[in-house]
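>
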Amino acid sequence: MTIATIVGPALTSSPSHNEDDSRNGSPTRGAPSKPFLRYLRIAIGAAGLFASLAHPLTAFAAKPTLTEVKVFPADVNLKTRGDRQSIVVQAIYADGVTRDVTAQASFTLGNKTLAKFDHFILTPVADGQTELRVKFQGKTLVVPVNIEAATVAEPISFIKDVMPVFTKAGCNTGGCHGTSRGKDGFRLSLFGYDPDGDYHRLTREAIARRINLALPEESLILEKATRKVPHTGGELFTADSEFYRTLLAWLQAGAPKDGPDVAKVVRLEINPRQSVLEGTGETQQLSVRAFYSDGTDRDVTSLTAFMGNNDAAIKVSASGKATSLARGEAFITARYEGLATGVQVLAIPKNLQFTWPAVAENNYIDTHVNAKLRKLRIAPSDLCDDPTFLRRVYLDITGTLPSPDQVRTFLADTSVGKRDAVIDDLLGRKEFVDLWVMKWAELLQIRSADQQVQMSTKSALQYFDWLEAEITQNVPVDVMVKKLLTATGPSFEAPAANFYKIERDTLKLSENVAQAFMGVRVQCTQCHNHPFDRWTMNDYFGFAAFFAQVGRKAGEDPRETIVFNSGGGAMKHPVTGKDMAPKFLGGAQPEIAKGTDRRQVLAEWLTAPENPYFSRNLANIIWAQFFGKGIIDPVDDVRVSNPATNPELLDKLASQLTAYRYDFKKLVRDICTSRTYQLSAVPNATNAGDEANFAKAGVRRIRAEVLLDALGSVTGSAEKLRGLPQGGRAIEIADGRTSTYFLTTFGRATRETPCSCEVKMEPNLSQALHLLNGDAVNAKVLNGGLVKKLLKEGKQPSDIIEELYLRALGRPPTDAETTKLQTFFTDGKKPDVVLNDLFWALLNAKEFVFNH
Amino acid sequence: MATSRAGNVPRPLATAVACLAAFFGASSALAVAPNFTAIAPAGGQRGTSVEVTLRGDRLADAQDIFFYTPGITLEKISGAKDKEVKGVFLIAADCRLGEHALRIRTASGISALRLFYVGPFPSVEEKEPNNEAAKAQPVALNSTVQGTIGSEDVDVFSVEVKKDQRLSVEIEGARLGRTLFDPTVTVLSADGRVLAASDDTPLLGHDGFVSLLAPADGKYLIQVRDMTYAGTGHFYRLHLGTFPRPAAVFPLGGQPGETLEVKFLGDPTGDFTQPITLPTEKSRSARFGLVADHHGLAPSPNWLRISPLANAPSITPGNTLGKATALNTTAPLAFNGVLTTKGDAAFFRFTAKKDQSLDFQVYARRLGSPLDSVLTVFDAKGKSLGNNDDAAGNPDSAVRVKIPEDGNYTVKVADQLARGGPRFTYRVEIAEVAPTLTLSIPDTARYDNETRKSIVVPRGNRFAVLLNLNRDTFNGDLAVTFDGLPAGITALADTVPGSLSAVPVVFDATADAPIAGTLLTPAAQAVDAATKGKDVVSRFRHTVDWVRIQNDIGYSRSEVSQIAAAVVEAVPFTVRIVEPKVPLVQSGEAAWKIIADRQEGFDEPITVKMLWNPPGVTSPPDLVIPKGASSVDYKLNASNKAEVRKWKTAVVATATVQGGAAHVSSQLAEFEIAAPFLAGKIALTKVERGQTAKLVCTLEQKNPFAGTAVAQLVGLPANTTASDVEITQDSTAAIFEIVTTDKSPLGSHKNIFCRINIMRDGEPITHLIAQGSVLRIDAARPKTAGESKPVAQAKTE
């Protein structure tokens, strides 16, 4: 099909395919090889456009000035003889670059008889108060130093001192003794979630062979870790290390167990909060401080395990020193005693010559996005052209394509506010509601089960109808979620009660609530403390306790479930066996009077404006619909080690959503009217490598339902779907079990879990083959009979070509395309055959299959 | 009727076989086991004759229809073919509205139960296409549309109504269905606005109804579909008109013969009352259908309870325990109320006497009320004596309380979800616990309420059922009767001892019994006039599940209180048990010979099945007499707890005759369970592989027996043998020589026992003694002396 090359090859293309195209002498030669770019170029027919998109780069010569110096920590508390505190000094320059200037700063201790300052570490000498004066390039900062119990030796603690060694040295990781079955006969709790169990296993299990109190140095734990005896895990530390000394001290003290009142870590703090490292090899020491339940704090940097998420850009050492390697950003997670926290570190090229282009800011979204881009020395792409905008906004807001007339009208419109007007128009359409009903139906897993009792088709339809009514009536999302969480009654009469029918397992239910409404995945915390987040088993079972009193009984119809507050029942902690009091995830433990519906309490907390998760999660989900990825991505995997790429933006969106009383339509309007949303997908020199900061539009494959509907509407040959009347759209499918080969191939959500990963957006070979060879396109083109109809109406091939382009791609053909297409009509071929071939080719073009 | 044994073999079999032969030749139209699948139309108007088509299989010899309720008679039956038969039903003008159960009787069998609905309106047939408003089928007011719903089918009808005229719609769909059909009805204005819709209702279950006042003159659309668009040709009857369709009634019951002013609730023209004199019913629990009559008749009734308890005067209930309203009545009593508002709870106080045993029952959902009751009974100090939400799979509550002392007691009624409203009516009955006796026939096959549950006796043959007798709060021996059996059938059943709740009943038809049938009511009565339950009137129940979800969760059902019985054409085989001359001993076994007498030319396999085993006796579920064979040995095992006495049971036999399953029975055979003659023990015995050893079964002689008996050791592992030994009544032990080889399996073999056959009258009396004994086979000892050291293995971490 030669016409295919005019409008670009099909969806999936192998590298060899690319090369073939280049050799054909198509205008793609020499351009970047990203498949989607190729079609853009072909489609737009203007490869040269790229150059014009790049911003003029102006020299950046002046040495930036120092604007601020920060010292971490801002105050020092030393308590007991062994206490210590390291000091980190950071300089911040006018261009946003930061430098670790600890070594360059000068330090003066007020009273040298009270403390000692050596190698940037403060240690206590005598009780009292003094100060540390830090001076750098004319700026001076004063750090108050408070010393208590300077001569008192604090007894060694198993939890505070010994357990962190296992975490830091890696003994209790999942690959080593932290697996559920241990390693080589010895088991530790994963990341130390069960100190009591670990103490028992170390000191009592296997006839206490792991420790030797008579000859502490010959204890197996020391000999193994230092590899004095064979150790599968190799040498973890040496006999002269601090870790060794800690373990030895504990053994020499008789391997004591902590008393019940040992202070617990309540919070971790990592500093500096932000570092922008310029050039390769620049370093920044990080400092971690633990705050305890007894009000004390402690420098735990040396006991903290550090982990980065982008080692290619920033590498973090075991001691917490971040080193820049290449342009990019990384998030460093610090873990100590079951808690985790993190911080962002950026790396930018040295002496990058960059001028921030003076781009317009339509609203707060642009302000926050641009602020981050400036920091990264990235310029946003240009605004997209009108046809691209119209197609994009139709697909994103309504899940439909604009009709040829709508495209023509929009392109002919010369008014200034025409983009905003289109957005307002689309937001008022039923299709906008349909799209969000579908997205919520996915989140709520509306689908009938194989066995009709668990979830009957009737229940699924009732649940879907309820959801549709809520969204149609623009019920604020917080109110709707509250209705779901507190749903009570017979499920046939109160369909929201299906929320408790679809998932009957209390633990899974609480996991689903956390994932769907807070974006948090706590699943792994059921068995051990979260490896990459702050959640502990106490958090998990405390949260699950909110659902421990959900009563369910069968209705008269076995398909019906009556959901109610049973007023009784408890959630047991599997390790301690104790009943857990309900505790908000990442929040307080509320007082709940007996008999009160715990779900009510949870719903109030979850949907409260001050809740840190709810509105952020919603805002992020909404954002992801329009950009193809969340500010936290995936949207339902919020965790310390997966932070927002632009937290300020997410916070602002969340607070805006709250201010809008959870009328998400208004937030959608903000997003769509922002310049950021309307950027072109064509990259410039500064943002080509950036995928995280919304500097250009993402090129996204159209999701399964929307694509099927689009094929139906463009060809005029819509599919008959089960449970929907003729003409019903795939987006309106109520029961998640309903599917077709097309929808399954293109990765529609099966709605079996609330996970965002249910919707598969990745292109694959079977999709391409289905479009090329399957019934999806060819049969529809023929069944719809569009070309035939237009010819019958007396339209000229050139008019029909334009009509087909407008229908499928939302733009008229370029001159180049028109010229080339004319050649197909000269060799005596029937116009309907050529035009149908063209139609087929257009529908197989990436420009059709993708939203760009 | 027949309560004593009339003889083991009722008549010489030769005669029976001769008769069979005679009839078999004549009955070329034999069509055993008729299958009745559907009736069309599914209902009709009362006061008219309706021609119906009854569909199914093996209907060619259809002769009659059994109607379980009065009001319908069979005027004519004609055109019988294998797959269908036509009938004309004459529906009396005063025929009860609603459901009527029926069966077809053919010359060779009785069909399953099916339903027919009687309504007050003339019928019209649905005509497709009527799937959209523009193609709505016009229908006259006050008529019944008989239609079907296919997959994703929507049927639309239109009616012309005047402003403020009552427009009512009621569908009979789920009620007719034998597969899951959950209709939804919607009333729309002519321009397509939904005025009202109904899916499920507490009164009619999945059948919805709508009743409203027309807002303007004009056309209204009524739309019918399956709730999930999953119709598969489901029948429905849609009543459309100006009739009343009240949602609820109050009060919910009264005494037999009592005249009540019943208030109908939920009519769009407002509540209205209707006087009714309740029928005089003897039965203890009766549901009475009252059809609303208010400018027209409702198509189906609302429900009331008839009970011997007097209604306490209607008064306002207290809404807290402390403020309970005194009924000034002593239990037993009944009262009626309404939980009018959300969160409402009703507290009533009454007095009761020490040691009264009281049944508290709420009647609400069973009578169509939306209430999902929770019932609590408190003593005078406010202590709960009993509390119930749902009883027996029903939202209505039931509590049984033994009153601890004379005094005041309070009963609380609330909704499980704290709902309330004017239609949340309820009735509470507080009755002295009274003995009840319920008879039923257990299902003979899984997910099947019909097979072998009607009495179908082939001429010159036998048929049997197991009758369950469920006694509540009384004991004692019962005699069962089957009064009104067709001529020529005799029922045989023993008196049922108080310790048993089931009895086999064998029906015997003479070879010349006329082919005829009837419905009758099986009954049972206490034999001993001194027993507590002497006055109990038994009830017979046969429940038919229409729709099951996941195969076993019953979802809609009907219940009848009579059994169908008929003499049918002869079948070409009989079976009999060769009754044993010797007893079955406790911890023993026996093998009964079951003989099939086949008519010449009939050689289908015959499946035989023990109808019933006494407690402590087990037997295989069924055995097959293969094609052409004439007998099979049926093995019975008795435990050491089986009761020593004489018992009776029968074997039922099934074979395919002319494509249908024919069921017959053996005679009601007598046998005895006796105490064992001896017992024994085997001490743990060890043998080295390849060696021999003595295994001693020490005997405990209990009853002397004549001659020698053979003792056999059973349960030996492979490659291990022991010869049988002979014992007498004087033996103290049976000593076996165990011979092993080097292939005998090592280890403890724990299922060793000793079978002893004592012969008497030429038949063995088999004892299984020393069960669960152990034989241990050890490895041969090494030839050289010396011990091996245990090797300590270093463990690595």
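Going down the list, the sequences are from chains E and G. Counting with the numbering used here, you get residues 1 to 852 for the letters of the first sequence. Counting with the numbering used here, you get residues 1001 to 1797 for the letters of the second sequence. Note that beta-carbon positions come from the ideal geometry of N, C-alpha and C, so glycine has one too. It should be emphasised that the depicted structure is a prediction, and the values quoted were computed from it without experimental measurement.
Is there a C-beta anywhere in chain G that falls below 8 Å from the one on GLY723 of chain E?
Residue mapping note: residue 723 of chain E aligns to position 723 of the first sequence, counting from 1. Yes, GLY723 of chain E counts as interfacial toward chain G.
> Based on Cα-Cα distance, which residue from G:ASN1387, G:ALA1352, G:HIS1100 lies nearest to GLY1407 of chain G?
Here residue 1407 of chain G is taken as the residue at index 407 of the second sequence, counted from 1. The residue with the shortest Cα to Cα distance from GLY1407 of chain G is G:ALA1352.
> For MET1610 of chain G, return the contacting residues in chain E, with the cut-off set at a CB-CB distance below 8 Å.
For the purposes of this step, residue 1610 of chain G is identified with residue 610 of the second sequence, where counting begins at 1. Residues of chain E passing the Cβ test: none, with the nearest at roughly 34 Å.
> Suppose the cutoff is 8 Å on Cβ atoms and the five residues either side in sequence are ignored; what does the same chain contact list for THR1273 of chain G look like?
Taking the first residue of the second sequence as 1, we reach residue 1273 of chain G at position 273. Excluding sequence neighbours, THR1273 of chain G sits near GLU1261, VAL1262, LYS1263, PHE1264.
> Quick one: is THR226 of chain E near chain G, going by C-beta distance under 8 Å?
Within the first sequence, residue 226 of chain E is the residue found at index 226, counting from 1. Chain G contact via Cβ: absent.
> By Cβ distance, which residues of its chain are closer than 7 Å to CYS176 of chain E, with the 5 residues on each side in sequence left out?
On the first sequence, position 176 is the one that residue 176 of chain E refers to. GLY170, LYS183, GLY233.
> If contact means a Cβ-Cβ distance below 8 Å, which residues of the segment 556-570 of chain E contact chain G?
For the segment 556-570 of chain E, which is checked against every Cβ of chain G, the residues closer than 8 Å are GLU556, ASP557, PRO558, ARG559, ILE562, PHE564.
> Pull up the distance between the alpha-carbon of VAL1291 of chain G and that of ARG1423 of chain G, whole angstroms please.
As a working mapping, residue 1291 of chain G is identified with position 291 in the second sequence. As a working mapping, residue 1423 of chain G is identified with position 423 in the second sequence. C-alpha separation (whole angstroms): 17 Å.
> Which of helix, strand or coil does DSSP assign to ASP1396 of chain G?
Reading the second sequence from its first residue, position 396 is the one you call residue 1396 of chain G. Coil.
> Throw me the rounded Cβ distance for the ASN565 of chain E and GLY542 of chain E pair, which I believe falls under 8 Å.
Taking the first sequence and counting its residues from 1, one reaches residue 565 of chain E at position 565. Taking the first sequence and counting its residues from 1, one reaches residue 542 of chain E at position 542. At roughly 19 Å, the Cβ-Cβ gap does not stay under 8 Å, so ASN565 of chain E and GLY542 of chain E are not in contact.
> How big is the Cα-Cα spacing for ASP311 of chain E and GLN344 of chain E?
Stepping through the first sequence from its first residue, residue 311 of chain E is reached at position 311. Stepping through the first sequence from its first residue, residue 344 of chain E is reached at position 344. Spanning the two alpha carbons is a distance of roughly 13 Å.
> Indicate whether the contact test is met: 3 or more Cβ pairs, each with one atom in the segment 253-267 of chain E and one in the segment 65-74 of chain E, closer than 8 Å.
No, the segment 253-267 of chain E is not in contact with the segment 65-74 of chain E.
> Is the CB-CB distance between TRP1612 of chain G and ALA1502 of chain G below 8 Å?
Position 612 of the second sequence holds residue 1612 of chain G. Position 502 of the second sequence holds residue 1502 of chain G. Against a cut-off of 8 Å, the Cβ pair of ALA1502 of chain G and TRP1612 of chain G comes out as a contact.
> Quick check on SER798 of chain E: buried or exposed, where buried means 16 or more other Cβ atoms within 10 Å of its Cβ?
As a working note, residue 798 of chain E is residue 798 in the first sequence. The residue in question, SER798 of chain E, is exposed, as its Cβ has fewer than 16 Cβ neighbours within 10 Å.
> Which of the residues in the segment 445-470 of chain E, read from start to end, lie with their CB under 7 Å from any CB of chain G?
Going along the segment 445-470 of chain E in chain order, one finds GLN451, GLN452, VAL453, THR457, LYS458, LEU461 with a Cβ nearer than 7 Å to chain G.
> My parser needs the beta strand (DSSP E) runs of 3 or more residues fully inside the segment 1237-1273 of chain G; what are they?
1248-1250, 1259-1265, all fully within the segment 1237-1273 of chain G.
> Is it buried or exposed, ASP366 of chain E, if we count other Cβ atoms within 10 angstroms and call 16 or more buried?
Taking the first residue of the first sequence as position 1, residue 366 of chain E is located at position 366. It counts as buried.
> Specify, as a first and last residue, the run of the beta strand (DSSP E) that THR130 of chain E falls within.
If you number the first sequence from 1, residue 130 of chain E lands on position 130. Run containing THR130 of chain E: 128-136, per the beta strand (DSSP E) assignment.
> Can you pull out the residues from the segment 1488-1515 of chain G whose beta carbon lies closer than 9 Å to at least one beta carbon of chain E?
So the list is empty, because no residue satisfies the distance condition.
> Can you tell which of E:ILE562, E:LYS321, E:ARG327, E:ILE800 has its C-alpha closest to the C-alpha of ALA1418 of chain G?
Counting from 1 along the second sequence, the entry for residue 1418 of chain G is found at position 418. For ALA1418 of chain G, the nearest C-alpha among the options comes from E:ILE562.
> Specify the secondary structure class of ALA1596 of chain G as computed by DSSP and reduced to three states.
For this step, residue 1596 of chain G is matched to residue 596 along the second sequence. Reduced to three states, the DSSP call for ALA1596 of chain G is strand.
> Please classify ALA1464 of chain G as buried or exposed, where buried requires at least 16 neighbouring CB atoms within 10 angstroms.
Along the second sequence, read from residue 1 onward, the residue named residue 1464 of chain G stands at position 464. Classification for ALA1464 of chain G: buried.
> For ILE1091 of chain G, I'd like the list of residues in its chain whose CB is within less than 8 Å of its CB, leaving aside the five on either flank, ordered along the chain.
On the second sequence, residue 1091 of chain G is found 91 positions in, with the first residue counted as 1. Taken in chain order, the residues that qualify are GLY1044, GLN1045, ARG1046, GLY1047, THR1048, SER1049, VAL1050, GLY1071, ILE1072, VAL1118.
> So which residues of chain G does PHE492 of chain E contact, with C-beta pairs closer than 9 Å?
As a working mapping, residue 492 of chain E is identified with position 492 in the first sequence. By Cβ distance, chain G contributes ASP1199, ASP1200.
> Check the Cβ-Cβ distances between ARG1781 of chain G and every residue of chain E, and say whether any is below 8 Å.
In the second sequence, the residue the question calls residue 1781 of chain G occupies position 781. Cβ-Cβ to chain E under 8 Å: no for ARG1781 of chain G.
> Chain E partners of ALA1230 of chain G, CB-CB under 8 Å?
As a first step, residue 1230 of chain G is located in the second sequence; it is residue number 230 there, counting from the start. Result: THR457.
> May I ask you to list the residues that DSSP assigns as paired with ILE314 of chain E?
Against the first sequence, residue 314 of chain E aligns to sequence position 314. Answer is E:SER324.
> What does THR488 of chain E touch in chain G if you count any residue whose Cβ is under 7 Å from its own?
Counting from one through the first sequence, the residue named residue 488 of chain E turns up at place 488. Simply LEU1417.
> Under a three-way DSSP split, which group does ILE116 of chain E fall into?
The count along the first sequence starts at 1 and reaches residue 116 of chain E at position 116. One detail in the question is off: residue 116 of chain E reads as Lys in this sequence, not Ile. In this structure, LYS116 of chain E counts as strand in the three-state DSSP scheme.
> At least one CB of chain G closer than 8 Å to the CB of LYS553 of chain E: is that the case?
As a working note, residue 553 of chain E is residue 553 in the first sequence. Taking Cβ atoms only, chain G reaches closer than 8 Å to LYS553 of chain E, which makes this a yes.
> Consult DSSP for MET455 of chain E and reduce its assignment to one of helix, strand or coil.
Mapped onto the first sequence, residue 455 of chain E falls at position 455. Reduced to three states, the DSSP call for MET455 of chain E is coil.
> Give the C-beta separation of VAL1527 of chain G and ASP1477 of chain G to the nearest angstrom, bearing in mind that I take them to be a contact with Cβ-Cβ under 8 Å.
By 1-based counting over the second sequence, the position of residue 1527 of chain G is 527. By 1-based counting over the second sequence, the position of residue 1477 of chain G is 477. Between ASP1477 of chain G and VAL1527 of chain G the Cβ distance is about 4 Å, and since that is below 8 Å, they are a contact.
> Taking DSSP as the reference, what is the three-state secondary structure of PRO1404 of chain G?
To locate residue 1404 of chain G, count along the second sequence from 1; it is residue 404. Here PRO1404 of chain G sits in coil by DSSP.
> Does DSSP put ASN1328 of chain G in a helix, in a strand, or in coil?
Counted from its first residue, the second sequence places residue 1328 of chain G at position 328. In this structure, ASN1328 of chain G counts as strand in the three-state DSSP scheme.
> With 16 as the cutoff for other CB atoms within 10 Å, does ARG1541 of chain G come out buried or exposed?
Numbered from its first residue, the second sequence carries residue 1541 of chain G at position 541. ARG1541 of chain G should be labelled exposed.
> Report buried or exposed for ASN620 of chain E, applying the criterion of at least 16 other Cβ atoms within 10 angstroms of its Cβ.
In the first sequence, counting from the first residue as 1, residue 620 of chain E sits at position 620. Per the 10 Å Cβ criterion, buried.
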